[in-house]
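In our numbering, the protein residues as written are 3 to 164. The next block holds one structure in the form of structure tokens; read it before the comments.
Structure follows, in structure tokens:
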């Protein structure tokens, strides 16, 4: 059995000159990160499981993982905002559930490795450059806007930079 993998490209029509360009999801992610990353903080790691980017945005580190370019591969974006335990975990969990319903749009708060994270994940099937940009921007902005206030309000530690 032969496993054939082709790289998916995204076609974008530019309004100014009506030309079409093709970009991979990987290229779009790198473009978005280069526009958001502060202090030349962007780093990338690649192995057989895909690509993993990390960059600094305000007071948080944002991670972007792309497992590949096929329809079944995943784009995952996350940023840790608070190290658990918190002094008022029931209050924190209630606040996060309310925020998940009212404020996080396509992202959500979750727990990963004893850290509160903001995250989003979806398959790359029919994923547009705009959706990639929105996913990365939403996670970065929501994490940066909420990390310090959640730490101050509910206790818990800041996430150390790695």
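Where a beta carbon is used, it is the ideal one built from N, C-alpha and C, also for glycine.
- DSSP, reduced to helix, strand and coil, places residue 63 within a strand of the structure shown.
- For residue 93, the three-state secondary structure derived from DSSP is helix.
- Rounded to whole angstroms, the Cβ separation of residue 77 and residue 142 is 14 Å, and the two are not in contact under 8 Å.
- In this structure, the beta-carbon distance from residue 29 to residue 59 does not fall below 8 Å.
- Within the model, the alpha-carbon separation for residue 43 versus residue 90 is close to 33 Å.
- With the rule of 3 Cβ pairs closer than 8 Å, the stretch 63–80 counts as touching the stretch 124–140.
- In this structure residue 81 is buried. Its beta-carbon is surrounded by 16 or more other beta-carbon atoms within 10 angstroms.
- Secondary structure at residue 33: helix, using DSSP grouped into helix, strand and coil.
- The same chain holds no residue with a CB closer than 6 Å to that of residue 32 once the five nearest residues on each side in sequence are set aside.
- Residue 136 is bridged by DSSP to nothing; it lacks a bridge partner.
- Contact between residue 152 and residue 84 holds, with the beta-carbon distance rounding to 5 Å and staying under 8 Å.
- Per DSSP, the unbroken beta strand (DSSP E) holding residue 112 starts and ends at 110–114.
- Here DSSP, grouped into helix, strand and coil, assigns residue 152 to helix.
- The beta-carbon distance between residue 112 and residue 99, rounded to whole angstroms, is 11 Å. This is too long to meet the 8 Å contact definition.
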